[in-house]
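Protein chains in written order, with the numbering used here: chain A, 27 to 289; chain B, 8 to 251.
Backbone N, C-alpha and C define an ideal beta-carbon position, used for all residues, glycine too.
This structure is a prediction, so every number in the text was calculated from the model and none was measured.
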Amino acid sequence: MNFNKIYALGLRHIYLISNSFPRIIDLIYWPTVQIFLWGFISKFFTLSSDYYSNAVGIILTAAILYDFLFRVSISFNMMFLEEIWSRNFTNLFIAPIKISEIITSLTLTAILRALIGLIPAAILAIPLFGVSVFKLGIPLLFLLLPLYLFGVTLGLLVTSGLLRFGPSFENIAWASLFFLAPLGCIYYPIEILPDSLQIIAKGLPLVHIFEEMRNILLNNVVNYFDIIKSISISIVYFVLGVIIFYSSYLGAKKRGTLINMGE
Amino acid sequence: MFIQVKNLSKVFKKNLAVDKINFQIEKNKTVGLLGPNGCGKTTSIGMLLGLIKPSEGEIIIDNKNLKSLKRDDILARINFCSPYIELPKKLTVKQNLEVYGRLYGVKNLNERIIEISEDLDIKNFFERKTGELSSGQKNRVSLAKSLINKPEILFLDEPTASLDPDIGDFVRGYIQEYRSKHQVTILLASHNMNEVERLCDSVIMMKKGKIIDRGTCKEIIKKHGRNNLEETFLKLARGKDELQ
Chain A
27 MNFNKIYALG LRHIYLISNS FPRIIDLIYW PTVQIFLWGF ISKFFTLSSD YYSNAVGIIL
87 TAAILYDFLF RVSISFNMMF LEEIWSRNFT NLFIAPIKIS EIITSLTLTA ILRALIGLIP
147 AAILAIPLFG VSVFKLGIPL LFLLLPLYLF GVTLGLLVTS GLLRFGPSFE NIAWASLFFL
207 APLGCIYYPI EILPDSLQII AKGLPLVHIF EEMRNILLNN VVNYFDIIKS ISISIVYFVL
267 GVIIFYSSYL GAKKRGTLIN MGE
Chain B
8 MFIQVKNLSK VFKKNLAVDK INFQIEKNKT VGLLGPNGCG KTTSIGMLLG LIKPSEGEII
68 IDNKNLKSLK RDDILARINF CSPYIELPKK LTVKQNLEVY GRLYGVKNLN ERIIEISEDL
128 DIKNFFERKT GELSSGQKNR VSLAKSLINK PEILFLDEPT ASLDPDIGDF VRGYIQEYRS
188 KHQVTILLAS HNMNEVERLC DSVIMMKKGK IIDRGTCKEI IKKHGRNNLE ETFLKLARGK
248 DELQ
């Protein structure tokens with residue numbers, strides 16, 4: 027892999043963001059709105075019931091982590107869609123870059139975009155609601171890693187769909203995370219789900235990540251087994267995502283869709 | 008021969024887009040690829056660019072089969088310009104050339120960007136976003152991108168479509184000049200017969216996925232008893248399929 031080419035692919039998106047102030051605002055706006063929304067909802071729960079005494083911290087931390095996953099995945103999809111919308115797709119695929127370099131660049135740039143949005147929101151939550159996601163300490167990084175991998179995987183699956191079905195697959199890009207959210211047990215324990223859905227949910231890394239987040243916040247204990255499990259499951263999905271992306275690329279070459287992909 | 012296409016076919020579902028075409032292009036020659044809309048020109052260029060997988064046949068470039076070549080190795084020696092694809096609209100002209108220069112691994116990139124932008128007279132809108140440019144300006148920027156790596160093989164798909172006569176003439180003149188100064192093999196798909204006569208050493212005529220004629224412009228015009236390439240094109244496009 028050539029890191030100059032990976033940098034060049036990323037540079038295209040860095041220029042895109044830095045050239046447009048509204049884009050920067052857009053990146054920050056949605057995570058902030060999410061934090062405000064969940065902050066006030068959980069504050070209401072706290073005021074209404076003793077049972078939810080820890081609700082603000084747990085729900086808001088969950089919202090921040092979920093938003094990180096969401097931003098990574100959407101950023102990955104958005105960068106790919108930008109190439110389609112700007113009709114630059116063919117130029118990109120005739121440039122001397124490996125598919126692995128495209129994936130690496132999208133993966134690295136996605137975290138940059140996600141962090142631009144999330145860091146201000148996470149910092150805002152400290153004075154507004156007295157909740158700091160940074161209180162999770164070093165284990166926060168272990169929770170972010172599988173979320174990042176899974177976010178990229180979802181991005182890979184959606185972009186594979188774009189390669190396979192064309193721009194009409196765009197709506198799926200937006201819907202993909204909302205579909206997984208209920209099974210991810212982001213705001214509630216897995217026991218809330220019916221037994222049959224619990225089996226499916228356990229196959230996703232999200233359940234293990236958010237269960238562990240609640241465990242750390244409520245019990246102040248880190249269960250490294252759960253963290254390793256979530257990272258391992260995320261890696262499996264990531265590898266599958268890469269395989270599916272490659273097969274979609276080869277399929278697109280067969281169908282000839284790379285040459286006329288556009289709006 | 009620098010480029011050899013042997014029995015190349017492409018079938019999309021049940022639609023035969025390209026039907027066992029054979030042609031060769033000598034190094035540093037410009038060949039026109041002509042034919043009515045839907046005759047298989049773009050599909051053929053797509054296969055040569057490695058964007059479309061052929062159903063059958065071989066593409067040999069510089070004595071190496073395209074299948075056996077590493078994607079990034081061969082693509083570093085090629086480039087493509089078409090008004091139907093664009094550069095990112097929100098990036099400035101300079102930013103686009105920088106990004107593509109890096110992707111093509113161009114050495115002394117800043118010097119190359121200055122050189123190509125002076126040649127194509129795009130320096131005065133260097134800092135403007137590409138999406139804000141006129142068609143003629145966009146077209147020159149797109150051409151600059153396609154020459155940024157000094158390609159050995161250049162595919163041009165209707166490079167002067169939708170340009171006014173003045174800018175069209177400038178672009179054609181620039182391609183002529185560039186070709187005389189650099190070692191470049193060009194495959195030009197165009198519907199502008201004057202452009203083809205001016206730029207091409209020989210032409211390949213396609214219809215319904217097949218090559219129906221080939222030769223120098225003069226040879227083809229003479230063979231079909233017409234006065235110019237436009238009339239010859241109309242005869243071939245409207246008439247019964249002719250054998251090669």
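Counting along the chain, where does the beta strand (DSSP E) carrying residue i start and finish?
i: T223 (chain B); result: Per DSSP, T223 (chain B) belongs to no beta strand (DSSP E) and is neither H nor E.
i: S256 (chain A); result: That residue, S256 (chain A), is in no beta strand (DSSP E); its alpha helix (DSSP H) goes 250-281.
i: K97 (chain B); result: Neither: K97 (chain B) is in no beta strand (DSSP E) and is coded neither H nor E.
i: L195 (chain B); result: 192-196
i: K13 (chain B); result: 10-19
i: N22 (chain B); result: 22-32
i: V38 (chain B); result: 37-41
i: L161 (chain B); result: 160-164
i: S209 (chain B); result: 209-214
i: G232 (chain B); result: No beta strand (DSSP E) contains G232 (chain B), which DSSP labels as neither H nor E.
i: G64 (chain B); result: 63-68
In chain order, what residues of the same chain have a beta carbon less than 8 angstroms from the beta carbon of residue i, not counting five sequence neighbours either side?
i: L144 (chain A); result: P57, I90, D93, F94, R97
i: K242 (chain B); result: H231, R233
i: P215 (chain A); result: E237, R240
i: I270 (chain A); result: L182, L183, S186
i: G222 (chain B); result: S209, V210, K230
i: I129 (chain A); result: L182, V268, F271
i: E257 (chain B); result: Residue 257 (chain B) cannot be examined here, being either before or after the span of chain B that is shown, 8 to 251.
i: M27 (chain A); result: K124, S126, E127, T130
i: R38 (chain A); result: none
i: I54 (chain A); result: I142, G143, P146, A147
What's the C-alpha gap between residue i and residue j?
i: I149 (chain A); j: F155 (chain A); result: 10 angstroms
i: A151 (chain A); j: S158 (chain A); result: 7 angstroms
i: V25 (chain B); j: T87 (chain A); result: 57 angstroms
i: L250 (chain B); j: G42 (chain B); result: In this prediction, L250 (chain B) scores a pLDDT of 45, lower than 50, which makes its location untrustworthy; the coordinate-derived value is nonetheless stated afterwards. Cα-Cα distance, rounded: 15 angstroms.
i: S153 (chain B); j: T239 (chain B); result: 31 angstroms
i: L1 (chain B); j: N156 (chain B); result: An answer regarding residue 1 (chain B) cannot be provided, because it is not within the stretch 8 to 251 covered by chain B.
i: L195 (chain B); j: N114 (chain A); result: 20 angstroms
i: E125 (chain B); j: S258 (chain A); result: 54 angstroms
i: N146 (chain B); j: R179 (chain B); result: 12 angstroms
i: V247 (chain A); j: G163 (chain A); result: 12 angstroms
i: A121 (chain A); j: L170 (chain A); result: 33 angstroms
i: K6 (chain B); j: H189 (chain B); result: What is shown of chain B runs 8 to 251, which leaves residue 6 (chain B) out entirely.
i: L227 (chain A); j: F160 (chain A); result: Note that residue 227 (chain A) corresponds to Ala in the displayed sequence, not to Leu. About 27 angstroms.
i: E289 (chain A); j: K69 (chain A); result: With a pLDDT of 48 at E289 (chain A), under the threshold of 50, the modelled position of this residue cannot be trusted, and the question is left open.
i: D69 (chain B); j: N86 (chain B); result: 16 angstroms
i: I61 (chain A); j: F71 (chain A); result: 15 angstroms
i: L173 (chain A); j: K96 (chain B); result: 32 angstroms
i: P220 (chain A); j: V82 (chain A); result: 26 angstroms
i: I92 (chain B); j: L188 (chain A); result: 18 angstroms
Looking only at its chain, what residues have a beta carbon closer than 6 angstroms to the beta carbon of residue i, apart from the 5 residues adjacent to it on each side?
i: K31 (chain A); result: I123, E127
i: A136 (chain A); result: V98, S101, F102
i: A168 (chain B); result: P90
i: Q266 (chain B); result: As displayed, chain B neither begins before 8 nor continues past 251, which places residue 266 (chain B) out of reach and without an answer.
i: A278 (chain A); result: L189, L284
Given a cut-off of 8 angstroms on the beta-carbon distance, is the pair residue i and residue j in contact?
i: S131 (chain A); j: L35 (chain A); result: yes
i: Y213 (chain A); j: I85 (chain A); result: yes
i: E196 (chain A); j: L107 (chain A); result: yes
i: S194 (chain A); j: L180 (chain A); result: no
i: T192 (chain B); j: I160 (chain B); result: yes
i: K13 (chain B); j: G64 (chain B); result: yes
i: L98 (chain B); j: T137 (chain B); result: yes
i: L206 (chain B); j: S149 (chain B); result: no
i: G57 (chain B); j: L82 (chain B); result: yes
i: R135 (chain B); j: V100 (chain B); result: yes
i: N235 (chain B); j: I227 (chain B); result: no
i: P166 (chain B); j: C88 (chain B); result: yes
i: Y253 (chain A); j: F168 (chain A); result: Looking at the sequence itself, residue 253 (chain A) is Ile, so the reference to Tyr does not match. Yes, the pair counts as a contact, with Cβ atoms nearer than the cut-off.
i: Q144 (chain B); j: F132 (chain B); result: yes
Between which two residues does the alpha helix (DSSP H) containing residue i stretch?
i: L183 (chain A); result: 165-191
i: E202 (chain B); result: 200-206
i: L43 (chain A); result: Sequence check: residue 43 (chain A) is Ile here, not Leu. 29-44 is the span of the alpha helix (DSSP H), which, as asked, contains I43 (chain A).
i: F240 (chain B); result: 236-245
Following a CB-centred definition, is residue i positioned closer than 7 angstroms to any heavy atom of the ligand FAD?
i: I32 (chain A); result: Questions concerning the ligand FAD fall outside what the structure shown contains, since it holds no ligand whatsoever.
I'd like the list of long-range same chain contacts for residue i, defined as Cβ closer than 7 angstroms, with 5 residues on each side in sequence excluded.
i: K61 (chain B); result: The amino acid at residue 61 (chain B) is misidentified as Lys; the sequence shows Pro. Counting only Cβ-Cβ distances below 7 angstroms, and skipping sequence neighbours, we find L15, S16, K17, M54.
Taking only beta carbons into account, state which residues of the segment 118-133 of chain A come closer than 9 angstroms to chain B, listed in chain order.
-> L118, F119, I120, A121, P122, I123, K124, I125, E127
Could you list the residues in the segment 100-124 of chain B with a C-beta less than 9 angstroms from some C-beta on chain A, going in chain order?
-> Q102, N103, E105, V106, Y107, G108, R109, L110, Y111, G112
Between the segment 34-53 of chain A and chain B, which residues of the former have CB atoms less than 8 angstroms from a CB of the latter, in chain order?
-> A34, L35, L37, R38, Y41, L42, N45, S46
Positions along the segment 56-77 of chain B whose CB lies within less than 8 angstroms of some CB in chain A = Listed in sequence order: L56, G57, L58, I59, K60.
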